[in-house]
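Residues in the sequence shown are numbered from 88 upward in steps of one, following our numbering. This report concerns only the one structure given below.
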Amino acid sequence: MPVGDSLETPAGPISLHGFTELLFAMRKTTYIDSDRLPVWLDETEKQDPRDFLESFWGGYRLPECRFLLWELLSGALKGNADGYHWKAPASTLVYFFEQLCCHLEASYLLFAEKTLEKSHELEESRPLPKSEPSLTSPVLPILNHPAFEDFFDLNYVADLRAELEDWLATAMATDEVYERPSNLLFLHDQMLAFTKAAFELYEAHGLEAELLPSPTLQVSSALAGIETRLKQVEDFPLHLSPAEWHNPLLVIKDCCESFSQEEWQTLLHDLLLAGFSNESFSTIVEPELILPFSQQLLRLLEACYLLFINQDNAV
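As structure tokens, this is what we get:
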């Protein structure tokens with residue numbers, strides 16, 4: 088990428104300083120509440136994102152978008168000594184990246200608007216609840232989270248753990264680059280979602296003050312119903328103690344107290360960079376953080392899965 092104060096793009100020059108500030112803001116706002124987004128759209132586009140979507144698709148054709156996306160990915164993962172190996176001009180890719188960020192935010196705003204309308208319609212059409220007799224047994228707390236359900240319904244946890252361990256090993260090496268970039272990007276995003284879910288559970292159940300008792304996980308009965316989802320049931324979990332196996336909230340509490348949510352996001356981002364480059368993770372972060380972070384990452388994956396099957400078994 089050329090060095091200078093600005094880049095010439097189809098829409099005129101882009102300030103590199105402003106562009107990097109937006110990148111920093113995007114990183115800092117990863118997986119936070121939607122009311123603090125977006126960061127790329129201007130005020131007019133926030134009010135009516137349809138105008139931006141019309142201008143976006145007026146300027147790009149779908150095959151062109153696919154090509155530029157591939158150029159961005161291949162340039163980032165297979166760079167030369169300067170970190171870039173692109174056929175398209177750097178200014179074209181920077182401009183496309185900026186427009187793509189705006190496109191995603193505009194699409195999200197329209198989606199959120201539609202979702203809100205549907206929820207209002209459902210509330211208005213929903214009949215009044217019937218009175219129910221009082222329960223004689225305590226109600227189990229809701230320990231599940233949408234991030235768990237959407238993810239574990241489609242993936243084997245043993246495979247995910249192996250992929251995560253491979254990512255950690257590659258990131259620590261100085262002469263290796265991760266060979267499955269799409270898997271790595273997917274796993275990175277999901278682990279970010281898990282950390283967000285962990286902090287939501289941590290706050291919702293008052294774990295910061297005192298670890299509330301949770302239902303004992305019936306290991307044998309829970310696994311009996313989900314063996315088809317595991318390839319190596321006998322090997323799971325590998326990183327949890329017996330107490331943590333029966334009460335995964337212990338792991339959630341430990342993970343949230345070991346690192347802040349911002350620290351989790353930063354460490355995962357740095358781990359992603361190490362996986363995509365020849366630079367070792369040990370040279371990017373403080374050495375004393377590597378072991379506890381790596382252990383907590385694997386423990387968090389296993390604990391989230393236990394919370395998922397515990398709730399699934401209770402339904």
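Where a beta carbon is used, it is the ideal one built from N, C-alpha and C, also for glycine.
In the DSSP annotation of this structure, the continuous segment of the alpha helix (DSSP H) that includes Arg137 starts and ends at 136-146.
The C-alpha of Ser328 is placed about 19 Å away from the C-alpha of Ala249. Shown here, Leu187 sits in a helix according to DSSP, grouped into three states.
Under the 10 Å beta carbon count, Gly146 is surrounded by fewer than 16 other beta carbons and is classified as exposed. For Tyr289, the secondary structure class from DSSP, reduced to helix, strand or coil, is helix. Residue state for Tyr265 is assigned as coil, using DSSP reduced to three classes.
With a beta-carbon spacing of about 7 Å, Leu376 and Leu354 fall inside the 8 Å limit used to define contacts.
About 6 Å separates the Cβ atoms of Ala330 and Leu337, confirming a contact at the 8 Å cut-off.
Counting only runs that start and end inside the stretch 358-394, the alpha helix (DSSP H) elements of at least 4 residues fall at 368-371. Here Asn270 carries a helix assignment [DSSP, helix/strand/coil]. The closest CA to that of Thr261, considering only Phe368, Phe380, Phe395, Asp138, is found on Phe368. Thr282 counts as buried, since at least 16 other C-beta atoms from the protein chains shown sit within 10 angstroms of its C-beta. Where Pro335 is concerned, there is no enclosing alpha helix (DSSP H), because DSSP gives it neither an H nor an E.
Here Ala390 is buried. Its C-beta has 16 or more other C-beta atoms within 10 Å.
The beta carbon of Trp351 is closer than 7 Å to those of Thr282 in its chain, skipping five residues each way along the sequence.
Asp135 and Ala193 have their alpha carbons spaced roughly 8 Å apart.
Between the C-alpha atoms of Asp341 and Leu288 there is a straight-line separation of about 12 Å. Taking a C-beta distance under 8 Å as the contact criterion, Phe395 and Cys343 do not qualify as a contact pair.
A direct Cα-Cα distance of roughly 22 Å separates Leu255 from Ala284. Annotated three-state conformation of His275 is helix, per DSSP. Between Leu251 and Leu384, the beta carbon gap of about 7 Å places them in contact (Cβ cut-off 8 Å). Gln382 and Leu393 have their C-alpha atoms roughly 17 Å apart.
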